[in-house]
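Trainee: So the sequence shown is residues 1 to 181, counted in the numbering used here.
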Amino acid sequence: MKKVISGNSSLFMSIIEIILGVLLLIKPVEFTSGIIVGFGVVMIAMGLFQIIKYFRTPAAEASEKGLLTKGLLFVVLGVFCVLKSGWIISTFPVITALYGVLIFVTGISKLQQSVDMIRIKQKFWFIAFISAVVTLAISVIVILNPFTSTVVLWRFIGITLILQAVIDLITFFFSKKAKKA
Numbered sequence: 001m002k003k004v005i006s007g008n009s010s011l012f013m014s015i016i017e018i019i020l021g022v023l024l025l026i027k028p029v030e031f032t033s034g035i036i037v038g039f040g041v042v043m044i045a046m047g048l049f050q051i052i053k054y055f056r057t058p059a060a061e062a063s064e065k066g067l068l069t070k071g072l073l074f075v076v077l078g079v080f081c082v083l084k085s086g087w088i089i090s091t092f093p094v095i096t097a098l099y100g101v102l103i104f105v106t107g108i109s110k111l112q113q114s115v116d117m118i119r120i121k122q123k124f125w126f127i128a129f130i131s132a133v134v135t136l137a138i139s140v141i142v143i144l145n146p147f148t149s150t151v152v153l154w155r156f157i158g159i160t161l162i163l164q165a166v167i168d169l170i171t172f173f174f175s176k177k178a179k180k181a
């Protein structure tokens, strides 16, 4: 039985990837909300475990490890994720915009690198310049339209998961066919 499960693990993972990809394509916000709530539940469980461990550990040892603090912080984080998943999702555009600013700074840095390469007469300065232009263009798109780019990002991840899973499935079936032959 164990051999059958391990032999079909790539098939199982491919099916999971397809399901996740489809969910991200169809309902990216709702799916992400579910992930955040699930994460919150796991944090609550970990926090309760730490708190129980704190009271079961000898006092001197428990105080050194900070188990009660860790446990309470995990529980608070978990409750926040469960109760405020919508708030967390609503901050994604801000996070995306900040990411866009970070990409912009990186693009400016690449632009300087290409100018430095020109000044010291290096041959392949244009590669750094093209990289800088592409980076700056992406950053402008992300900064000017972070709301759409967040959803687009989720959908892109969904498409990527589906494509990867389909390729894995094709590989899985061809390898099975090759083993039989």
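We put the beta carbon where it would ideally sit given N, CA and C, even for glycine.
#1: Which whole runs of the alpha helix (DSSP H) in the segment 38-106 are 4 residues long or more, in chain order?
#2: Would you grab the beta carbon distance between Ser85 and Val151 for me? Rounded to a whole angstrom, and I think it's under 8 Å.
#3: With distance defined between alpha-carbon atoms, name the residue in Gln113, Leu169 and Leu72 nearest to Phe49.
#4: Indicate the three-state DSSP secondary structure (helix, strand or coil) for Phe124 in the structure shown.
#5: Can you tell me the Cα-Cα spacing of Phe156 and Trp125, whole angstroms?
#6: I'd like to know whether the C-beta atoms of Phe129 and Ser109 end up nearer to each other than 8 Å.
#7: Just to confirm before moving on: does the CB-CB distance between Val79 and Gly107 stay below 8 Å?
#8: Quick check: the segment 5-20 against the segment 153-169, are there 3 or more CB pairs under 8 Å?
#9: When the distance is taken between beta carbons, is Leu111 closer than 8 Å to Ala137?
#10: Alpha carbon to alpha carbon, how far is Lys70 from Leu83?
#11: Measure the beta-carbon distance from Cys81 to Met46 and round it to whole angstroms, keeping in mind my assumption that it falls under 8 Å.
Mentor: Per the coordinate set shown:
#1: 59-65 and 67-83
#2: About 16 Å separates the two Cβ atoms, so there is no contact after all.
#3: Taking only the C-alpha atoms, the option nearest Phe49 is Leu72.
#4: coil
#5: A straight line joining the alpha-carbon of Phe156 with that of Trp125 spans about 31 Å.
#6: Contact: no.
#7: no
#8: yes
#9: no
#10: Rounded to the nearest angstrom, the two C-alpha atoms are 20 Å apart.
#11: Rounded, the Cβ-Cβ distance is 12 Å, inconsistent with contact.
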